[in-house]
Amino acid sequence: MLEPIPDHLREHLNILFVGFNPSIKSSETGHHYANPNNRFWTILYRSGLTPVKLTAQEDFRLLEYGYGLTNIVARPTKEAAEITKEEYRQGRIELMGKIERYQPKTVCFVGKGVYQQYSKNRKVMWGLQENSVSQASEFVAPSSSGLVRMKLEEIIAIYHKLSTFVTKGDGKTWN
Numbered sequence: 001m002l003e004p005i006p007d008h009l010r011e012h013l014n015i016l017f018v019g020f021n022p023s024i025k026s027s028e029t030g031h032h033y034a035n036p037n038n039r040f041w042t043i044l045y046r047s048g049l050t051p052v053k054l055t056a057q058e059d060f061r062l063l064e065y066g067y068g069l070t071n072i073v074a075r076p077t078k079e080a081a082e083i084t085k086e087e088y089r090q091g092r093i094e095l096m097g098k099i100e101r102y103q104p105k106t107v108c109f110v111g112k113g114v115y116q117q118y119s120k121n122r123k124v125m126w127g128l129q130e131n132s133v134s135q136a137s138e139f140v141a142p143s144s145s146g147l148v149r150m151k152l153e154e155i156i157a158i159y160h161k162l163s164t165f166v167t168k169g170d171g172k173t174w175n
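Quick note on the numbering used here: the sequence shown kicks off at 1 and runs consecutively.
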């Protein structure tokens, strides 16, 4: 049986990244964004969110930069389409609790669908959301999955806006 993977959380993070759920490869390795076709680590580096390109095996190191990782649903699947409405409902409640408990400054939803499930809002634009559901700033970015049809440069540009928002011009996002 596939196992969920551990969150990487602490209080007052600069950014909490929220994905749909772990991939099969992530479940097998115990690390976030472990599928070799997933571009998460490349996107973080190329957008300026990390000073080096980390690997999935180094996912815990995001805490060094003030970033955390979790998912709206803990059950690993091959694709997000396998997630049930009940799993999203329960995951939304649990995610709200994590955000309240850990109080991140910004929550970045890695995929519009993640934010749609969380916010119950169907009309979602990329970037900073005008009406946050939580006390944190809420930012919606494209999924980093290799299945996403957007060009990598377009995705990186959106994550660069997150980097700019979080730094507010101080030139660096990491601690």
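Note that CB positions come from ideal geometry on N, CA and C, so glycine has one too.
For clarity, every value in this text was computed on a predicted model and none was experimentally measured.
- In this structure, Ser-163 lies away from Arg-39, with their beta-carbon atoms at least 7 Å apart.
- Annotation for Thr-55: Trp-41 place their beta carbon closer than 7 Å to its own, counting only its chain and skipping 5 residues before and after.
- Taking a C-beta distance under 7 Å as the contact criterion, Lys-98 and Asn-14 do not qualify as a contact pair.
- Looking at the DSSP output, Ala-141 shares a beta bridge with Val-110.
- Segment contact: the region 64-83 against the region 107-125, three or more CB-CB distances shorter than 8 Å; contact assigned.
- With fewer than 16 other Cβ atoms inside 10 Å of its own Cβ, His-12 counts as exposed.
- Per DSSP, reduced to three states, the secondary structure at Gly-127 is strand.
- According to the DSSP assignment, Val-52 belongs to no alpha helix (DSSP H), since it is labelled neither H nor E.
- Thr-167 carries a helical assignment under DSSP once its states are collapsed to helix, strand and coil.
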